[in-house]
Amino acid sequence: MQRSRLRDHLINKRGYLALAAAFATFIAVACGSAATATPDSSIPLLTQLVRPNEGEVMPVLATTHLQLGTQRVSFLLATTQSLVKAPEATVSSTFLGEAGTNAETKAESKQAIFHLWPYGVRGAYTTDLTFGQTGNWRLDIEVDGPDGPLSGSISLDVLEHSPVPEIGDIPPLSPNKTVHSVDSLEQLTTDYTPDPGLYQMTIGEAIITGRPTVIVFATPAFCTSPTCGPQVDTISELKELHVGEANFIHVELYDNPHEIQGDLTRAVFNGLVDRWGLSSIPHWSNESWTFILGADGRIAHRFEGFVTLVELEEALIATFDGA
Numbered sequence: 067m068q069r070s071r072l073r074d075h076l077i078n079k080r081g082y083l084a085l086a087a088a089f090a091t092f093i094a095v096a097c098g099s100a101a102t103a104t105p106d107s108s109i110p111l112l113t114q115l116v117r118p119n120e121g122e123v124m125p126v127l128a129t130t131h132l133q134l135g136t137q138r139v140s141f142l143l144a145t146t147q148s149l150v151k152a153p154e155a156t157v158s159s160t161f162l163g164e165a166g167t168n169a170e171t172k173a174e175s176k177q178a179i180f181h182l183w184p185y186g187v188r189g190a191y192t193t194d195l196t197f198g199q200t201g202n203w204r205l206d207i208e209v210d211g212p213d214g215p216l217s218g219s220i221s222l223d224v225l226e227h228s229p230v231p232e233i234g235d236i237p238p239l240s241p242n243k244t245v246h247s248v249d250s251l252e253q254l255t256t257d258y259t260p261d262p263g264l265y266q267m268t269i270g271e272a273i274i275t276g277r278p279t280v281i282v283f284a285t286p287a288f289c290t291s292p293t294c295g296p297q298v299d300t301i302s303e304l305k306e307l308h309v310g311e312a313n314f315i316h317v318e319l320y321d322n323p324h325e326i327q328g329d330l331t332r333a334v335f336n337g338l339v340d341r342w343g344l345s346s347i348p349h350w351s352n353e354s355w356t357f358i359l360g361a362d363g364r365i366a367h368r369f370e371g372f373v374t375l376v377e378l379e380e381a382l383i384a385t386f387d388g389a
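The numbers in my numbering rise by one with no breaks, and the one at position 280 of the sequence shown is 346.
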């Protein structure tokens, strides 16, 4: 882990706008004349940035862990000047064929909807795409920019299986820490202003209540990419909208938040990070994951990276309805 980079991306509620500014710098550097990059299979796709030309847009994947089947795909769009925030974008997925062949197969075209993130600074496009084969795929994206149509492409890999619990699975029930198992909230979260309501019960206790459960794995104080957002704050907002209707749990990614003191060289990952398969994701460092469990304890919805309140509430209401 590049600990110095992690320290440089300290984030909390008061510092979210600073992260937005950092993202603006990221775009400026990525799209500047000195930033042209040659793709490298050893580098995460998120960092493989090629300067867009006039009329082009640079997609930045927020969901990089993709597998067979239908799933949510989220991405940000940027030009050399700014983020693109048009209401919709058209996404076409193409299977690139087996290695060494040129047999491209277009799969589908979908509309991706723009969701503005908290504080109105950034936002991402989301849609559901179906990947019928493992291997290399390409997303071709078209969107209306402020000065006319824009287009861009990004390559990605689709895996057969996921190390992360999938929709329909009963997740690991290893106990998470709660206010009943530690002396203070500082031992539970890196959040500077924690919501005690997110630390009242274990995942196992939540499942036997017979209510849906929302579980977020995240570290509120630290961020390592331009696609991070205030996910734990969003879960707290969702909780206030559905008091008594569901359980809400935050699992801090680090086991010793009270000892870190802004220095991730002191950090130790929570054991649940391994048990839920997050540490098995290539290039994963501390990106958030959110799961919504149905009343039967099975995973009904799964989200990689930041997901907005609107998307989460839609998924939770669908869980109430048994959809």
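Virtual Cβ for every residue (Gly too), placed ideally from N, Cα, C.
Classify S159 as helix, strand or coil using the three-state DSSP reduction.
-> By 1-based counting over the sequence shown, the position of residue 159 is 93. Reduced to three states, the DSSP call for S159 is strand.
Counting only runs of 3+ residues fully inside the stretch 136-218, write out the beta strand (DSSP E) ranges in chain order.
-> Unbroken beta strand (DSSP E) stretches of 3 residues or longer found wholly inside the stretch 136-218: 154-161, 171-182, 189-197, 201-211, given in chain order.
Delimiting residues of the alpha helix (DSSP H) encompassing L127 = Translated into positions along the sequence shown, residue 127 becomes position 61. Looking at the DSSP string, L127 is not in any alpha helix (DSSP H); the run it does join, the beta strand (DSSP E), is 124-127.
List the residues that DSSP assigns as beta-bridge partners of S221.
-> For the purposes of this step, residue 221 is taken as the residue at position 155 of the sequence shown. R204.
Round the Cβ separation of T196 and G135 to the nearest angstrom and send it over; I've been treating them as touching at under 8 Å.
-> Residue numbering aside, residue 196 sits at position 130 when the sequence shown is read from its first letter. Residue numbering aside, residue 135 sits at position 69 when the sequence shown is read from its first letter. Contact check for T196 and G135: beta-carbon distance about 7 Å, within the 8 Å limit, so the pair qualifies.
For L112, name the three-state secondary structure that DSSP assigns.
-> Your numbering for residue 112 matches position 46 in the sequence shown. With a pLDDT of 40 at L112, under the threshold of 50, the modelled position of that residue is not reliable, and no figure is offered here.
Identify which residue in R332, L338, D249 has its Cα closest to the Cα of H316.
-> Working through the sequence shown from its first residue, we reach residue 316 at position 250. With distances taken between Cα atoms, H316 lies closest to L338.
Alpha carbon to alpha carbon, how far is T356 from G371? Give it in angstroms, no decimals.
-> For the purposes of this step, residue 371 is taken as residue 305 along the sequence shown, with counting starting at 1. For the purposes of this step, residue 356 is taken as residue 290 along the sequence shown, with counting starting at 1. Those two C-alpha atoms are separated by around 8 Å.
Output yes or no for whether 8 Å exceeds the beta carbon distance between F180 and E208.
-> Here residue 180 refers to the residue found at position 114 of the sequence shown. Here residue 208 refers to the residue found at position 142 of the sequence shown. Result no, Cβ atoms of F180 and E208 do not sit closer than 8 Å.
Of the listed residues F335, N313, V309, A312, nearest to D321 (C-alpha basis) | Residue numbering aside, residue 321 sits at position 255 when the sequence shown is read from its first letter. Ranking the options by Cα distance to D321, first place goes to F335.
Buried or exposed: which applies to I365, given that a residue is buried once 16 or more other Cβ atoms fall within 10 Å of its Cβ?
-> As a working mapping, residue 365 is identified with position 299 in the sequence shown. So I365 counts as buried.
Under the DSSP definition of a beta bridge, which residues are partnered with L338?
-> Translated into positions along the sequence shown, residue 338 becomes position 272. Paired residues: none, contrary to the question.
For the beta strand (DSSP E) that contains L356, what are its first and last residues?
-> As a working note, residue 356 is residue 290 in the sequence shown. Strictly speaking, residue 356 in this sequence is Thr, with Leu absent from that position. That run of the beta strand (DSSP E) goes 355-359.
Which value, in whole angstroms, describes the spacing of the CA atoms of L127 and V373?
-> Within the sequence shown, numbered from 1, the residue matching residue 127 stands at position 61. Within the sequence shown, numbered from 1, the residue matching residue 373 stands at position 307. So the alpha carbons of these two residues sit roughly 13 Å apart.
So what does I281 bridge to, in DSSP terms?
-> Numbered from its first residue, the sequence shown carries residue 281 at position 215. BP columns for I281 point to I315, F357.
Taking DSSP as the reference, what is the three-state secondary structure of Q133?
-> Working through the sequence shown from its first residue, we reach residue 133 at position 67. In the three-state reduction of the DSSP assignment, Q133 falls in the strand class, which pools E and B.
P238 versus A272: straight-line alpha-carbon distance, rounded | As a position in the sequence shown, residue 238 is number 172, starting the count at 1. As a position in the sequence shown, residue 272 is number 206, starting the count at 1. The straight-line gap from Cα to Cα measures roughly 13 Å.
Mind checking S175: buried by the 16 CB within 10 Å criterion, or exposed?
-> Locating residue 175 in the sequence shown gives position 109, counting from the first residue. That one is exposed.
Between V139, F369, N313, S354, which lies nearest to I269 when the distance is taken from Cα to Cα?
-> For the purposes of this step, residue 269 is taken as residue 203 along the sequence shown, with counting starting at 1. Of the listed residues, the one whose Cα sits closest to I269 is N313.
Validate contact between the stretch 344-356 and the stretch 247-254 using beta carbons, cut 8 Å, 3 pairs = Counting C-beta pairs with one atom in each stretch, the stretch 344-356 and the stretch 247-254 have fewer than three that are closer than 8 Å, which means they do not touch.
With a threshold of 16 other CB atoms inside 10 Å of the CB of T259, please say whether the residue is buried or exposed.
-> Counting from 1 along the sequence shown, the entry for residue 259 is found at position 193. Per the 10 Å Cβ criterion, exposed.
Can you tell me the Cβ-Cβ gap for D257 and P212, rounded? I've got them flagged as a contact below 8 Å.
-> What you label residue 257 is simply residue 191 of the sequence shown in a count that begins at 1. What you label residue 212 is simply residue 146 of the sequence shown in a count that begins at 1. With 8 Å as the limit, D257 and P212 do not qualify as a contact, their Cβ atoms being about 36 Å apart.
So F288 packs on L344, CB below 8 Å; how close in whole Å?
-> Position 222 of the sequence shown holds residue 288. Position 278 of the sequence shown holds residue 344. With a Cβ gap of about 14 Å, F288 and L344 do not count as contacting.
From L143 to L132, what distance separates their C-alpha atoms?
-> By one-based count along the sequence shown, residue 143 stands at place 77. By one-based count along the sequence shown, residue 132 stands at place 66. Each residue's CA atom was taken as its position, placing L143 and L132 some 19 Å apart.
Burial state of I281 (16 or more Cβ within 10 Å) | In the sequence shown, residue 281 corresponds to position 215, counting from 1. I281 sits buried, since 16 or more C-beta atoms from the chains shown fall within 10 Å of its C-beta.
Cβ-based burial, H227 [other Cβ within 10 Å; buried from 16] = Position 161 of the sequence shown, counting from 1, holds the residue named residue 227. H227 should be labelled exposed.
Identity of the residues DSSP links to I365 by a beta bridge = Reading the sequence shown from its first residue, position 299 is the one you call residue 365. When beta bridges are read from the DSSP output, I365 appears opposite L359.
With DSSP as the reference, label Y258 as helix, strand or coil.
-> Here residue 258 refers to the residue found at position 192 of the sequence shown. In the structure shown, Y258 sits in coil (DSSP, three-state: anything other than H, G, I, E or B).
Beta-carbon gap between V157 and L205 smaller than 8 Å = The residue you call residue 157 lines up with position 91 of the sequence shown. The residue you call residue 205 lines up with position 139 of the sequence shown. Against a cut-off of 8 Å, the Cβ pair of L205 and V157 comes out as a contact.
Using 10 angstroms around the beta-carbon of S99, count the other beta-carbons present and answer buried if the total reaches 16, otherwise exposed.
-> Here residue 99 refers to the residue found at position 33 of the sequence shown. With a pLDDT of 35 at S99, under the threshold of 50, the modelled position of that residue is not reliable, and no figure is offered here.
Can you pull the DSSP bridge partners for Y320?
-> Here residue 320 refers to the residue found at position 254 when the sequence shown is read from its first residue. Paired residue(s): F335.
Residues that E370 bridges to, as DSSP identifies them = For the purposes of this step, residue 370 is taken as residue 304 along the sequence shown, with counting starting at 1. Under DSSP, E370 forms a beta bridge with W355.
D329 versus E252: straight-line alpha-carbon distance, rounded | As a working mapping, residue 329 is identified with position 263 in the sequence shown. As a working mapping, residue 252 is identified with position 186 in the sequence shown. Rounded to the nearest angstrom, the two C-alpha atoms are 15 Å apart.
Whole-angstrom Cβ separation of T255 and E318, contact assumed at under 8 Å?
-> Start at 1 with the first residue of the sequence shown, and residue 255 comes out as number 189. Start at 1 with the first residue of the sequence shown, and residue 318 comes out as number 252. Cβ atoms of T255 and E318 come within 8 Å of each other, at about 5 Å.
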